[in-house]
Structures are given as structure tokens and as C-alpha cells.
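Structure first, commentary second.
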Amino acid sequence: MKVESIRQEQLDGTYETLTEVVFSGVDSLCILSRSMIRAIGRPGVDSDLEFLGSGDRWAMVWTYPRLSLEEVFGVIDGVLPARV
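All residue numbers for the sequence shown refer to UniProt numbering, where the first residue is 1 and numbers rise by one.
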């Protein structure tokens with residue numbers, strides 16, 4: 001699994017920032033989603049995380065919690081499996 005792209009976009013007319021992280025080569029959506037939930041919180045409770053995609057390509061999208069790009073990189077580093 002690898003990160004294909006990371007982007008943030010300010011939503012017009014709001015103070016919210018949309019964060020999108022696209023993963024490719026995802027073998028298990030279950031493992032990826034559990035890792036993301038552990039990192040930023042439960043959807044509907046701690047975050048508004050959504051999972052979009054199919055097969056081995058998935059996007060994780062959220063506006064809350066609001067994280068800087070540097071914080072997003074830290075979250076993703078914690079989610080990706082360690083390379084040996």
C-alpha cells in the first residue's frame with residue numbers, strides 16, 4: 001500500500017478545510033479503515049471521515065478534525081505499514 005496523493009482544499013464560504021488522502025495498492029480496506037479511525041477518530045463521533053473507492057484504490061476524506069498538512073503527514077506515517 002502506498003499514498004498516491006494528499007491534498008487539502010479550503011471550502012468556499014467556510015472555515016473548513018477538506019483533506020483527501022488517496023491510497024493505492026490497498027490489500028485490506030478493513031485494516032486501512034481501522035488504522036485511520038485509530039489515528040483521527042470514529043466517524044460521526046470524533047471525525048467526519050469518509051471512505052471512497054473500490055478495489056485496491058481508496059480515498060479517505062475529512063474536514064474534522066482540522067489538521068495541518070504536517071499533521072496529516074504524521075497521521076499517514078502512523079497508518080502505513082513499516083517497510084523492512
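Glycine residues also receive a C-beta, built at the ideal position from the N, C-alpha and C atoms.
Residue nearest to residue i in terms of C-alpha spacing, selected from the options
i            : options                    : result
glutamate 71 : Val3, Ile40, Tyr15, Arg34  : Ile40
alanine 59   : Phe51, Pro65, Arg66        : Phe51
serine 24    : Asp77, Phe73, Gly74, Gly53 : Gly53
valine 11    : Phe73, Arg66, Asp77        : The displayed chain sequence assigns leucine, not valine, to residue 11. When only C-alpha atoms are compared, the closest one is Arg66.
Residue range of the unbroken alpha helix (DSSP H) whose run includes residue i
i         : result
valine 72 : 69 to 79
Distance between beta carbons of residue j and residue i, contact taken as under 8 Å
i            : j           : result
methionine 1 : leucine 49  : Between leucine 49 and methionine 1 the Cβ distance is about 17 Å, and since that is not below 8 Å, they are no contact.
valine 22    : glutamate 9 : Not a contact, Cβ separation roughly 13 Å.
threonine 63 : leucine 32  : Between leucine 32 and threonine 63 the Cβ distance is about 20 Å, and since that is not below 8 Å, they are no contact.
N- and C-terminal bounds of the beta strand (DSSP E) containing residue i
i            : result
methionine 1 : Per DSSP, methionine 1 belongs to no beta strand (DSSP E) and is neither H nor E.
serine 24    : 17 to 24
Residue(s) in a DSSP beta bridge with residue i
i             : result
methionine 60 : Val21, Phe51
proline 43    : Ser47
Burial state of residue i, where buried means 16 or more other Cβ atoms lie within 10 Å
i            : result
threonine 14 : exposed
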